[in-house]
Amino acid sequence: MQRALWIPIDTSNDDSRPQCSSPRLYDSDDDDDRTFATRARALTQGLLPSNLLELTMSGLVEKLKPHKPLHEGAKVPDGTLLKEDNPEQATVDLSKIGGKYIIIGVPGAFTPPCSSHVPGFVEQASQFAEKGIKGIYVVGVNDQFTMAAWKEKLGADKAENVHFLADDTNSFTKQAGMDFDATGLLGGVRSQRYAAIVEDGTVKSVWVEDQAPSVTVTSADNVLKAL
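Its first residue numbered 1, the sequence shown is counted upward by one per residue in full-length UniProt numbering.
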């Protein structure tokens with residue numbers, strides 16, 4: 001028989017502080033009709049004011065809700081820094097960039113579909129600049145070393161205003177509502193394939209592939225035509 005200490009809480013006192021009665025033992029396998037939920041409720045009601053408890057629970061529920069995917073008119077997630085040149089320090093906040101720019105979400109650096117998707121933006125970087133694009137930001141849920149090596153492999157290190165950013169904690173991608181479970185193929189959560197035109201932190205247009213390996217609506221040619 002397991003025995004545990006139960007401290008009844010008396011909240012009827014005028015004093016705002018909860019009043020504890022004398023502790024007493026209860027048996028976990030006796031016929032007491034106190035369920036776990038009942039005991040938890042009794043304790044919680046005594047320890048937390050009802051309004052504070054309600055706020056705490058509502059905050060927890062909000063955190064558990066999936067984030068709404070990026071859409072036209074949405075704000076780019078702020079306060080989430082991404083890594084570019086330093087593997088130990090994240091410095092890029094995509095919500096704070098001024099002017100018009102493009103965010104490219106990719107499922108995985110060095111994967112064949114992504115390695116055929118991104119070069120179009122690199123090769124046409126000057127055409128995008130002529131359309132008023134200040135920068136092209138490729139975001140992947142990879143470490144900074146991998147993103148930097150991939151950038152060099154694709155020759156993007158020689159392109160003007162093309163940035164490869166590591167979202168190694170999936171924080172930005174998750175807040176943007178663009179993450180998905182790619183455990184079977186890529187070993188964990190990754191970014192959906194998307195392309196977004198953003199101006200001063202607000203999404204103006206966004207395209208998302210129905211299937212991550214596909215490169216159709218998110219192609220450089222398609223995005224360039226929309227400018």
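Ideal Cβ positions, reconstructed from N, Cα and C, are used throughout, including at glycine.
Just so it is clear, the structure is predicted and the values come from calculations on it, not from any experiment.
Asked	Found
Residue span of the alpha helix (DSSP H) that contains residue 185, given as start and end	183-186
7 Å Cβ cutoff met for residue 134 and residue 101	yes
Within 7 Å, strictly: CB atoms of residue 109 and residue 147	yes
Ranges of the alpha helix (DSSP H) found wholly within the region 102-130, counting only runs of at least 4	112-117, 119-123, 125-130
Cut-off 6 Å between Cβ atoms - residues of its own chain near residue 159, not counting five sequence neighbours on either side	122, 125
For residue 82, the three-state DSSP class (helix, strand or coil)	strand
Beta-carbon proximity list for residue 151, same chain, < 7 Å, skipping 5 on both sides	157, 164
C-beta contact flag for residue 181 and residue 173 at 7 Å	no
Of the residues 73, 198, 89, the one placed nearest residue 145, counting alpha carbons only	89
Beta carbon of residue 191 nearer than 7 Å to that of residue 119	no
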